[in-house]
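Since the structure comes first, as structure tokens, the remarks are kept for the end.
There are 2 protein chains.
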Amino acid sequence: MTVKDMLGRSGVVSREEALNILNERLSVFNLTSQEISISAALGRVLALDITSTADLPEFNRSTMDGYAVRSGDTFGAAESRPALLRVVGDIPMGTMPDRSIVNGEAMKIATGGALPQGADAVVMFEHIQPVDTESIEVVKAVAPQENVTLAGEDITKGERVLSKGHVIRPQDMAALASMGITRIAVFGKPRVAIISTGNEIVPADTFPGPGQIRDSNSYSLEGFITLASGIPVKMGIIPDDYGRLQRALEDAVQDCSLVLFTGGSSVGTADFTAKVINDLGPPGVLVHGVSIKPGKPLIIGLVKRKEGNEQIPVFGLPGHQAAVAICFELFVKPILTRLTGAISDPALEGVAPNRTVKAKLARSIPSSPGREDHVRVTLEKREDGLWAKPVFGASGLISTLVKAAGTVVVPVNKIGIDVGEDVEVRLF
Amino acid sequence: MTVKDMLGRSGVVSREEALNILNERLSVFNLTSQEISISAALGRVLALDITSTADLPEFNRSTMDGYAVRSGDTFGAAESRPALLRVVGDIPMGTMPDRSIVNGEAMKIATGGALPQGADAVVMFEHIQPVDTESIEVVKAVAPQENVTLAGEDITKGERVLSKGHVIRPQDMAALASMGITRIAVFGKPRVAIISTGNEIVPADTFPGPGQIRDSNSYSLEGFITLASGIPVKMGIIPDDYGRLQRALEDAVQDCSLVLFTGGSSVGTADFTAKVINDLGPPGVLVHGVSIKPGKPLIIGLVKRKEGNEQIPVFGLPGHQAAVAICFELFVKPILTRLTGAISDPALEGVAPNRTVKAKLARSIPSSPGREDHVRVTLEKREDGLWAKPVFGASGLISTLVKAAGTVVVPVNKIGIDVGEDVEVRLF
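Note that the protein sequences, when read in sequence, are chains A and B. The first sequence begins at 1 in this note's numbering and counts up one residue at a time. The second sequence begins at 1001 in this note's numbering and counts up one residue at a time.
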């Protein structure tokens, strides 16, 4: 048995292949749902379609401050030829008009006010001249329905306003409130287990002994999981011991919808991680090794819960801090998003609307063919624009991630990027 | 007194001017600080610089699985001319080596393991051939420090790792954990008061009477404030009554760092809103009217707390839903960000790294010169790429905001955008 076989890396696959393999195999996962207040709904995923039970607005409303009129009375009106109208009352906000109007009449109305029967348009204050307390001159014609929102024009009774799988944005909270829907059913956030592995790892709040280091990956993972709408569940630090790793994975699989091992895919612990995943399969390990840098030793697997037929994705993330960040973004996040129940706008699929900025590359980046390189960069504003400076350094250095503003990708089919070339920086 | 004077809109200013006026006048604001766990620190703003109290790593570490060696022993090594080394032990993870090595010796080591005294490099497993249990052949030379992270190479003792004003990202949580810093001082999140105004407004969970509508803007504002790292504080619905509005503003100013009136800048309530702001000044109202659409009737003011010299920014947001969204993004968010204590990367200033996508415009957008138009668009994927379709409709329609994927901006100096032109869509 060669070291290469031991590592199980003989079948390194591309980023796309790795993700496709898992996405195709992951067919059964359960989504729970819960009812919450719309005030707490930001970023949550709708578990049911939302249908309006009433027309919105419920009455013809003015969109301007002015006078409700019959548009026909204003036809041909101009500064030189104003239309004289009799003011027969005003419409206090929050009430229905106490009368209707006929030809030659107008009522004072504010933005949002309810139009009286007989009126079909609103003339803005700016286009009238007061004559006396009882009459006005209109100096500009209005068309029928001008400055008016008709009942039901915004939302029609029975209309599906938001769909199952939609991620709630602030304006959706307002739309729900407008319809009087103040509680909604959303999917439960997926619980994501974090299992820190390695004999050398000690808790962050302790003082490491000789040769030991503090657990840090579980903290960045907490942050990444929270940003991706999951609930981080820390399972503690497990030493490189097959039995203890197996029990930790079993516990995690019962309690969570996704499991992340960190520090468990270099040779020291990779065999354990792969073995416990395989022993809880089938299918077990699906991918061991991807052609990206950093992040090559990534393990992706799928295991089953003891009861039921639910499948739980398991990732063995490389221990290096930069590799954890890149592997989370590229592999864990898309799967976690599926587990939230979110359905993204099909128009945006594959468009990757990340927070990015354009810059010029300040130093050439070398790369190997057949490998997708994710290079951390700092940003510098110069007279001629923004420049991205690659931060070189082992992927194990946390300082390179802290100093960097984002990453530049060298695609798999490109051998590096030259100094001065335009690049897109994906911001952290 | 003309209606125009009543509205106080004679001095409409540009978006940049409006923001500059407030930013320059807002000089005194207090930031509180609190100590929290790094697990809860995502998105929070550091109130103090973070300095490392130790070197990181604290010992020379291997970045590979392999053998710790003296690099000089491998010089000239090749497949055809391997260097023979005696294996004198291995280094279990989490321990310091129990001995040092001299010329001709090697010790087995895993990624993250501590190098023994005498070793200055690590040969990867892939570049050795086992001879017997006690010796190996090295088939590729290593340079001094190859595959090694030196003590202090990542972070040096006394180095400032993160600065006051920095917004905590997942990788920063890991960096703090690495240094054993598990609690940090962060600025308190700014409390932002939301005062819904208007006689026609009723709570969202009630059934509106004739001419009434439900409060909805306070819900979208809750969402926008949360996204911008503030704490929304709902002050309830206040009718158009000078005394009650004044008491509500006084209460809000005592309790919050920023106050938002919603529904209070159309003519019906604009005079009240402007008056209560002026009466709690000076300076009171700074801006009344900006040359953007939607959002023109925006009021911006600055008032003082009863005690102390702290100044509280107050915004009178137009009541229309689309105007609320645009005014928040353009005016409230930058001020709220200042109040969080966050200091953004100077390289990114003015670069606006929003979530954007490129598209072609599917229908021409007309616009008036001297006005910045923010037009809502839906996105459609066609064979030749992404197309943005303007959603026309009064800014009071919530459905246009719900259906839209984002906005396209027609700059102030441009008269519309033609069909087929490339546009940048700022996603919601």
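Glycine residues also receive a C-beta, built at the ideal position from the N, C-alpha and C atoms.
Closer than 8 Å at the beta carbon, the chain A residues around residue i
| i | result |
| --- | --- |
| B:Ile1155 | Ile398 and Ser399 |
| B:Val1186 | Going along chain A, no residue has its Cβ under 8 Å from B:Val1186, so there is no contact; the nearest lies around 14 Å. |
| B:Phe1207 | Gly180 |
| B:Asp1240 | Met93 |
| B:Arg1169 | Gly223 and Phe428 |
| B:Asn1060 | Near B:Asn1060 there are no residues of chain A at all, since even the closest Cβ is about 11 Å away, more than 8 Å. |
Contacts that residue i makes with chain A (C-beta to C-beta distance below 7 Å)
| i | result |
| --- | --- |
| B:Asn1413 | Ordered by position in chain A, no residue passes the 7 Å Cβ test against B:Asn1413, which lies about 21 Å from the chain. |
| B:Val1096 | The question names Val, but residue 1096 of chain B in the sequence shown is Met. Chain A residues near B:Met1096: Pro210 and Gly211. |
| B:Thr1273 | In chain order: nothing, as chain A lies at least about 13 Å away. |
| B:Met1173 | Tyr219, Ser220, Glu222 and Gly223 |
| B:Glu1137 | Simply none; closest approach about 14 Å. |
Chain-ordered chain A contacts of residue i [CB-CB under 9 Å]
| i | result |
| --- | --- |
| B:Glu1424 | The premise fails here: B:Glu1424 is roughly 11 Å from chain A at the closest Cβ pair, so nothing lies under 9 Å. |
| B:Ala1143 | Result: empty, since nearest Cβ-Cβ is about 14 Å, beyond 9 Å. |
| B:Asn1199 | Pro92, Met93, Gly94 and Thr95 |
| B:Ala1405 | Asp345, Ala347 and Leu348 |
Partners in chain B for residue i, counting only beta-carbon separations shorter than 8 Å
| i | result |
| --- | --- |
| A:Leu48 | Neighbours of A:Leu48 on chain B: none; closest Cβ ~16 Å, over 8 Å. |
| A:Ala106 | Residues of chain B passing the Cβ test: none, with the nearest at roughly 15 Å. |
Cβ distance (whole Å) where residue i is taken to contact residue j below 8 Å
| i | j | result |
| --- | --- | --- |
| B:Arg1070 | B:Asn1103 | 6 Å |
| A:Trp387 | A:Ala362 | 4 Å |
| A:Pro210 | B:Thr1095 | 7 Å |
| B:Ala1193 | B:Cys1256 | 4 Å |
| B:Asp1172 | B:Leu1162 | 6 Å |
| B:Ile1050 | B:Leu1227 | Rounded, the Cβ-Cβ distance is 26 Å, inconsistent with contact. |
| A:Ile38 | A:Ile184 | 6 Å |
| A:Val131 | A:Met64 | That pair is no contact at about 20 Å. |
| B:Thr1262 | B:Leu1298 | Between B:Leu1298 and B:Thr1262 the Cβ distance is about 11 Å, and since that is not below 8 Å, they are no contact. |
| B:Ala1151 | B:Phe1224 | Actually they are not in contact, since the Cβ atoms of B:Ala1151 and B:Phe1224 sit about 47 Å apart, beyond 8 Å. |
| A:Thr400 | A:Ala322 | 6 Å |
| B:Val1259 | B:Ser1033 | Wrong, their Cβ atoms sit about 22 Å apart, outside the cutoff. |
| A:Ile415 | A:Ser367 | 6 Å |
| A:Ala110 | A:Ser62 | 7 Å |
| B:Val1375 | B:Thr1337 | So it is not a contact: roughly 25 Å between Cβ atoms. |
| A:Lys140 | A:Ala54 | Not really, about 34 Å apart at Cβ, beyond 8 Å. |
| A:Glu383 | A:Lys389 | Actually they do not touch by this definition, with Cβ atoms about 16 Å apart. |
| B:Val1087 | B:Arg1099 | Wrong, their Cβ atoms sit about 12 Å apart, outside the cutoff. |
| B:Glu1126 | B:Ser1052 | That belief does not hold up - the Cβ atoms of B:Glu1126 and B:Ser1052 are roughly 34 Å apart, past 8 Å. |
Interface residues of chain B facing residue i [CB-CB closer than 7 Å]
| i | result |
| --- | --- |
| A:Pro57 | Ile1213 |
| A:Leu379 | Asp1345, Ala1347 and Leu1348 |
| A:Ala204 | Ala1177, Gly1180 and Thr1182 |
Chain B residues whose Cβ lies nearer than 9 Å to that of residue i
| i | result |
| --- | --- |
| A:Phe75 | Those within 9 Å of A:Phe75 in chain B number zero; the least Cβ separation is about 23 Å. |
| A:Leu162 | Val1402 |
Give, in chain order, every residue of the stretch 1111-1125 of chain B whose Cβ lies closer than 7 Å to some Cβ of chain A. Here the close residues are Thr1111, Gly1112, Ala1114 and Phe1125.
Give, in chain order, every residue of the stretch 1022-1042 of chain B whose Cβ lies closer than 7 Å to some Cβ of chain A. Residues passing the 7 Å Cβ filter: Ile1038, Ser1039 and Leu1042.
Give a yes or no on contact between the stretch 1154-1169 of chain B and the stretch 1039-1051 of chain B, applying the rule of three or more CB pairs nearer than 8 Å. The answer is yes - the stretch 1039-1051 of chain B touches the stretch 1154-1169 of chain B, with three or more Cβ pairs under 8 Å.
Three or more C-beta pairs under 8 Å: does that hold for the stretch 175-184 of chain A against the stretch 242-254 of chain A? No, the stretch 175-184 of chain A does not touch the stretch 242-254 of chain A.
Going along the stretch 1300-1317 of chain B in order, which residues come within less than 7 Å of chain A, judged by CB to CB distance? The stretch 1300-1317 of chain B vs chain A, Cβ under 7 Å: nothing.
Residues, ordered as in the chain, of the stretch 317-338 of chain A that lie near chain B by beta-carbon distance below 7 Å: Those residues of the stretch 317-338 of chain A that come within reach of chain B (Cβ to Cβ, closer than 7 Å) are Gly319, Gln321 and Ala325.
Using 8 Å as the cut-off, can you tell me whether the stretch 275-294 of chain A makes contact with the stretch 313-325 of chain A, which would need three or more C-beta pairs spanning the two stretches below that distance? With a cut-off of 8 Å, the stretch 313-325 of chain A and the stretch 275-294 of chain A count as touching, because enough Cβ pairs lie within range.
Unbroken alpha helix (DSSP H) runs of length 4 or more, entirely within the stretch 1152-1224 of chain B: which are they? Fully enclosed alpha helix (DSSP H) runs of 4 or longer: 1170-1178.
Curious, which full-length beta strand (DSSP E) runs of at least 3 residues does the stretch 1347-1424 of chain B contain? The stretch 1347-1424 of chain B contains these whole beta strand (DSSP E) runs: 1356-1361, 1372-1382, 1385-1390 and 1406-1410.
Under 9 Å, CB to CB, which of the residues in the stretch 1216-1230 of chain B have a partner in chain A? Flagged, chain order: Ser1216, Asn1217, Ser1218, Tyr1219, Ser1220, Leu1221, Glu1222, Gly1223, Phe1224, Ile1225, Thr1226 and Leu1227.
For the stretch 1184-1199 of chain B and the stretch 232-239 of chain A, state whether three or more C-beta atom pairs, one from each stretch, are separated by less than 8 Å. Below 8 Å, too few C-beta pairs join the stretch 1184-1199 of chain B and the stretch 232-239 of chain A to call them touching: fewer than three.
Just to confirm the assignment: which complete beta strand (DSSP E) runs, minimum length 3, are found wholly within the stretch 1103-1142 of chain B? List check, beta strand (DSSP E) in window: 1105-1109, 1121-1124, 1128-1132 and 1135-1138.
Contiguous beta strand (DSSP E) assignments of at least 3 residues, all confined to the stretch 1004-1055 of chain B: Complete beta strand (DSSP E) runs here, min 3: 1033-1037.
Quick one: any contact between the stretch 105-117 of chain A and the stretch 21-32 of chain A, if contact means 3 or more CB pairs under 8 Å? The stretch 105-117 of chain A, when compared against the stretch 21-32 of chain A, does not touch it at the 8 Å Cβ threshold.
For the stretch 223-291 of chain A, which segments carrying the beta strand (DSSP E) assignment without a break, of at least 3 residues, lie completely within its bounds, in sequence order? Qualifying beta strand (DSSP E) stretches, in chain order: 231-238, 258-262 and 284-288.
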